[in-house]
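Enquirer: Listed in order, the protein sequences are those of chains A and B. Using my numbering, the first residue of the first sequence is number 247, and each one after it goes up by one. Using my numbering, the first residue of the second sequence is number 312, and each one after it goes up by one. Even for Gly, the Cβ is constructed at its ideal location relative to N, Cα and C. None of these values were measured; they are calculated from a predicted model. Sharing a structure below in structure tokens format, with a few things to ask.
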Amino acid sequence: MSNRESVSIRSFRVLTGVFLITWLILPLIPLAIWSFAHGWFYPDLLPQTWSLRAWKYALSDTAGVIDSLWLTIGISLAATVLSILVGVPAGRALGMYKFRGKEIVELMILAPTIVPGIAVVLGIHSVFISLGLNNTVWGVILVHLIPTLPYMVLVMAGIFANYDPAFEAQARSLGASSLKTFWYVTLPAIRPGIIVGGLFAFLVSWSQYILTLLIGGGRVETLPLLLFNFATSGRNDITGAIGMIYILPGIVILLLTAKHLSGRSGAVGGFGQI
Amino acid sequence: MTHVSIKGLTKVYPGATEPSLDRLSLEIPTGELTALLGPSGCGKTTTMKMIAGLLEPTSGDVTFDGRSVLQDKPEDRGVVMVFQNYLLFPYMSVADNVGFGLKMRKIDPAEIKRRVGEMLELVKLPDLGDRKPIALSGGQQQRVALARALIVQPNVLLLDEPLSNLDAHLRFEMRDLIRSLQQEMGITTIFVTHDQEEAVVLADRVALILDGQMKQYDKPDVFYKRPVDEATARFFGGHNFINGMSDGQSFDSELGRLILPDNAASGIGKLTFRPENVRIGNAGDGTNSLKATIADVIYLGTQTRLKLRVGDTVLDAVVNPNEIETYGVGDTLPIHLPTSSLWVIQ
Numbered sequence: 247m248s249n250r251e252s253v254s255i256r257s258f259r260v261l262t263g264v265f266l267i268t269w270l271i272l273p274l275i276p277l278a279i280w281s282f283a284h285g286w287f288y289p290d291l292l293p294q295t296w297s298l299r300a301w302k303y304a305l306s307d308t309a310g311v312i313d314s315l316w317l318t319i320g321i322s323l324a325a326t327v328l329s330i331l332v333g334v335p336a337g338r339a340l341g342m343y344k345f346r347g348k349e350i351v352e353l354m355i356l357a358p359t360i361v362p363g364i365a366v367v368l369g370i371h372s373v374f375i376s377l378g379l380n381n382t383v384w385g386v387i388l389v390h391l392i393p394t395l396p397y398m399v400l401v402m403a404g405i406f407a408n409y410d411p412a413f414e415a416q417a418r419s420l421g422a423s424s425l426k427t428f429w430y431v432t433l434p435a436i437r438p439g440i441i442v443g444g445l446f447a448f449l450v451s452w453s454q455y456i457l458t459l460l461i462g463g464g465r466v467e468t469l470p471l472l473l474f475n476f477a478t479s480g481r482n483d484i485t486g487a488i489g490m491i492y493i494l495p496g497i498v499i500l501l502l503t504a505k506h507l508s509g510r511s512g513a514v515g516g517f518g519q520i
Numbered sequence: 312m313t314h315v316s317i318k319g320l321t322k323v324y325p326g327a328t329e330p331s332l333d334r335l336s337l338e339i340p341t342g343e344l345t346a347l348l349g350p351s352g353c354g355k356t357t358t359m360k361m362i363a364g365l366l367e368p369t370s371g372d373v374t375f376d377g378r379s380v381l382q383d384k385p386e387d388r389g390v391v392m393v394f395q396n397y398l399l400f401p402y403m404s405v406a407d408n409v410g411f412g413l414k415m416r417k418i419d420p421a422e423i424k425r426r427v428g429e430m431l432e433l434v435k436l437p438d439l440g441d442r443k444p445i446a447l448s449g450g451q452q453q454r455v456a457l458a459r460a461l462i463v464q465p466n467v468l469l470l471d472e473p474l475s476n477l478d479a480h481l482r483f484e485m486r487d488l489i490r491s492l493q494q495e496m497g498i499t500t501i502f503v504t505h506d507q508e509e510a511v512v513l514a515d516r517v518a519l520i521l522d523g524q525m526k527q528y529d530k531p532d533v534f535y536k537r538p539v540d541e542a543t544a545r546f547f548g549g550h551n552f553i554n555g556m557s558d559g560q561s562f563d564s565e566l567g568r569l570i571l572p573d574n575a576a577s578g579i580g581k582l583t584f585r586p587e588n589v590r591i592g593n594a595g596d597g598t599n600s601l602k603a604t605i606a607d608v609i610y611l612g613t614q615t616r617l618k619l620r621v622g623d624t625v626l627d628a629v630v631n632p633n634e635i636e637t638y639g640v641g642d643t644l645p646i647h648l649p650t651s652s653l654w655v656i657q
């Protein structure tokens, strides 16, 4: 009985793996082929002639891809840092303390994952006009916090729910100032959460389209916006090359932080562990 | 070398109606080892945290050598607290844990290394500096925690249930270690415990706290011989409480007239005495001798606990098993209560 069960579990696992690969990797293959194709027409299975033309163009100064790449990295990093700065204290409050209205605060923080961004961003747009934040990089960074914060706060709340603040009292009593206590005691304990939450925040910011378009007003041209321009103009080869560049950071970050993403890490518990 | 003085210390937690600690006053002389003893929830850990500066008192004062420390931050008080679960920093090696306090004081790394080595030697863990705390046994963790506290040469050392997580054989080893280090370094030390045995074996002086109030503050043996009231006597394992009337010299009750020691209280009260002070046989001069019937015998190995009936009163006695070898349940035997073992409480 148990043997048959383990067989069915194993086949389920294989099936999930196949499904994930089909879903995530397969769509990228034509994109990768397109980026090296000189022309690829029906009914050919592979392009007749290959070329590096698209890559040369994408990496050239005129395309603006490199500038856009740096801009996107800058915006995502800034959004990540701000998410960490806000998410760590917020996660600590939600994970460690009981207070009146806690459920409402949790709901408010989770709301951006439920409410469509475009519904919110129209209101923000008019607020940002009065603040002079429209069409600016800082405006884009700020609006990216709406979708990034829920992930950061959720991860940190999970971390702090399993965190013993007595370690901090111990450090204080041994002569550490509150700043040193945070640096030497709190930070090492919550580092996995900061890494995982930061990773989520970075990738969520990295993939923003609508928010960037509306608040940036087309002047803040991040990689997804650029990619969309080429995709709609029918340049499949250049779209393919930019697409490859676009997914690179995600893969690199994922590989660097994979060990923190296992189910056993306290970082991926979320509110469930509170 | 610090004289710690606690004056009317009170803590009412937000939302609580009853104070967790109610006007505690205590003088802890320089270099003494004092136990705060009481059941869990009696306010003793609250007291420690307020001394350490980790919790703000609702009212009252804590002074070190006459100077109030309430405005001082925890890191500036010269007080180190060792928590019950040791709280060794899991990300640091044993040596880094022990050296933590010195590092915070910006001591030169070479000097830290030297003093950590000495300290680990002192707690008899010279070779474990490179290990991570998780690789240590409970007793070893306890010693690292102690070393980490002592290395900064605190004015006041606070220990939270220092022996309670240890096996019986480790307890005595640790007790000796704590006492010898404390005496050697002359650090005023306060520890809290719910275990009267732990308090008695370790402390110079014991403060018993029940329901947020201090009942008695004395040398350990006084709690056995001269408890202030029934609750105190019961906390220390007293079972014999006999209602009656004292005139200062003798006590009249169902047991008849018993002769009291000097300085006994007068008036209506309760006579109390330790089970182990009940003697089998008549006293030489017949003082305080009684006839008792054995109602129950509980053999405890090195001791035997007896329930003795004298008239309608049941007494608890603990005797040497050899003394009652020839007796069984239902037998009648002579006993006596030595005058010095009797005490009258309200």
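1. Helix, strand or coil, according to DSSP, for Ser331(B) in the structure here?
2. Unbroken alpha helix (DSSP H) runs of length 4 or more, entirely within the segment 379-424 of chain B: which are they?
3. Does DSSP classify His314(B) as helix, strand or coil?
4. Relative to the C-alpha of Asn593(B), which residue among Gln453(B), Arg585(B), Leu648(B) is closest?
5. Going by C-alpha to C-alpha distance, which of Asn466(B), Asn633(B), Ile317(B), Val390(B) sits closest to Ser370(B)?
6. Hey, Asp515(B) and Glu343(B): beta-carbon distance below 8 Å or not?
7. Where in the segment 312-365 of chain A do unbroken runs of the alpha helix (DSSP H), each at least 4 residues long, occur, reported from the N-terminal end onward?
8. So is Pro434(A) in contact with chain B if we call contact Cβ pairs under 8 Å?
9. For Phe476(A), count the other beta carbons within 10 Å of its own beta carbon; 16 or more makes it buried, fewer makes it exposed. Which is it?
10. If I follow the unbroken beta strand (DSSP E) through Pro645(B), where does it start and stop?
11. Pull out every residue of the segment 395-422 of chain B whose Cβ sits closer than 7 Å to any Cβ of chain A, in chain order.
12. Which bits of chain A does Met392(B) rub up against, with CB to CB less than 8 Å?
13. Just to confirm, are Ala412(A) and Val431(A) a CB contact at a threshold of 8 Å?
14. What does DSSP give as the partner residues of Leu519(B) in its beta bridges?
15. On the CB-based measure, 16 or more other CB atoms within 10 Å of its CB, does Met354(A) come out buried or exposed?
16. Mind listing which residues of the segment 356-368 of chain B have their C-beta closer than 8 Å to chain A's C-betas, in chain order?
17. Looking at chain A, is there any beta carbon in it that lies within less than 8 Å of the beta carbon of Glu429(B)?
18. For the segment 623-635 of chain B against the segment 570-590 of chain B, do three or more pairs of beta-carbon atoms, one drawn from each stretch, fall closer than 8 Å, so that the two count as touching?
19. Run down chain B in chain order and give the residues with a C-beta less than 8 Å from the C-beta of Ala412(A).
20. Under 9 Å between beta-carbons, which chain A residues line up against Glu386(B)? List them in chain order, please.
21. Compare the Cα-Cα distances from Leu513(B) to each of Arg568(B), Val503(B), Asp522(B) and report the closest residue.
22. Check His284(A) in the structure and name its three-state DSSP category.
23. Please state if the CB of Leu420(A) and the CB of Val391(B) are separated by a distance shorter than 8 Å.
24. What is the DSSP secondary structure of Val512(B), counted as helix, strand or coil?
25. At least one CB of chain B closer than 8 Å to the CB of Val431(A): is that the case?
26. Check each residue of the segment 445-468 of chain B: if its Cβ is closer than 8 Å to any Cβ of chain A, include it; give the result in chain order.
27. Return helix, strand or coil for Gly462(A), following the three-state DSSP convention.
28. DSSP state of Val630(B), grouped into three classes?
29. Rounded to whole angstroms, how far is the Cβ of Phe547(B) from the Cβ of Tyr535(B), which I believe are closer than 8 Å?
30. To test your reading of the DSSP string, which unbroken alpha helix (DSSP H) runs of 4 or more residues are found completely within the segment 533-614 of chain B?
31. Determine the closest residue to Glu338(B) out of Leu436(B), Asp372(B), Leu332(B), with distance taken between C-alpha atoms.
32. Return yes when the Cβ of Thr624(B) is within less than 8 Å of the Cβ of Leu571(B), no when it is not.
33. Could you check if Ser376(A) is buried or exposed, using at least 16 other CB atoms within 10 Å of its CB as the buried criterion?
34. Taking the alpha-carbon positions, what's the Trp301(A) to Val332(A) distance?
35. Assess contact between the segment 277-297 of chain A and the segment 399-413 of chain A, defined as three or more Cβ pairs (one per stretch) separated by less than 8 Å. Is contact present?
Expert: So, from the data block:
1. Three-state result, Ser331(B): coil.
2. Within the segment 379-424 of chain B, the complete alpha helix (DSSP H) runs of at least 4 residues are 405-415.
3. Assigned with DSSP and collapsed to three states, His314(B) falls in coil, not helix or strand.
4. Asn593(B) has its Cα closest to that of Leu648(B), out of Gln453(B), Arg585(B), Leu648(B).
5. Of the listed residues, the one whose Cα sits closest to Ser370(B) is Ile317(B).
6. Yes; because the gap between Cβ atoms is below 8 Å, this pair is in contact.
7. Restricted to the segment 312-365 of chain A, the alpha helix (DSSP H) segments that are unbroken, complete and at least 4 residues in length are 348-360, listed in chain order.
8. It does; some Cβ of chain B falls within 8 Å.
9. Burial call: buried.
10. Note, Pro645(B): beta strand (DSSP E), 643-647.
11. Answer set for the segment 395-422 of chain B: Leu398, Phe400, Tyr402, Phe411, Gly412, Met415, Arg416.
12. By Cβ distance, chain A contributes Ala415, Gln416, Ser419.
13. With contacts defined as CB atoms closer than 8 Å, Ala412(A) and Val431(A) fail to qualify as a contacting pair.
14. Paired residue(s): Leu348(B), Gln527(B).
15. The residue in question, Met354(A), is exposed, as its Cβ has fewer than 16 Cβ neighbours within 10 Å.
16. Only Lys360, Ala363, Gly364, Leu365 from the segment 356-368 of chain B bring a Cβ to less than 8 Å from some Cβ of chain A.
17. No, Glu429(B) does not count as interfacial toward chain A.
18. The segment 623-635 of chain B is in contact with the segment 570-590 of chain B.
19. Ordered by position in chain B, the residues that pass the 8 Å Cβ test against Ala412(A) are Phe394, Asn396, Leu398.
20. For Glu386(B), the C-beta contacts it makes with chain A under 9 Å involve Ala417, Arg418, Ser419, Leu420, Gly421, Ala422, Ser423, Ser424, Lys426, Thr427, in order along the chain.
21. Ranking Arg568(B), Val503(B), Asp522(B) by CA distance to the CA of Leu513(B) puts Val503(B) first.
22. His284(A): strand per DSSP, three-state reduction.
23. Closer than 8 Å, so yes.
24. Here Val512(B) sits in helix by DSSP.
25. Yes, contact with chain B.
26. So the list reads Arg459, Ala460, Val463, given in the order they occur along the chain.
27. Gly462(A) falls in the helix class under three-state DSSP.
28. For Val630(B), the three-state secondary structure derived from DSSP is strand.
29. Confirmed, about 6 Å.
30. The segment 533-614 of chain B contains these whole alpha helix (DSSP H) runs: 541-546.
31. Out of Leu436(B), Asp372(B), Leu332(B), Asp372(B) has the C-alpha closest to the C-alpha of Glu338(B).
32. For Leu571(B) and Thr624(B), no; Cβs fall outside 8 Å.
33. Taking a 10 Å sphere around the C-beta of Ser376(A), we find fewer than 16 other C-beta atoms and assign the residue as exposed.
34. About 39 Å.
35. Segment contact: the segment 277-297 of chain A against the segment 399-413 of chain A, fewer than three CB-CB distances shorter than 8 Å; contact not assigned.
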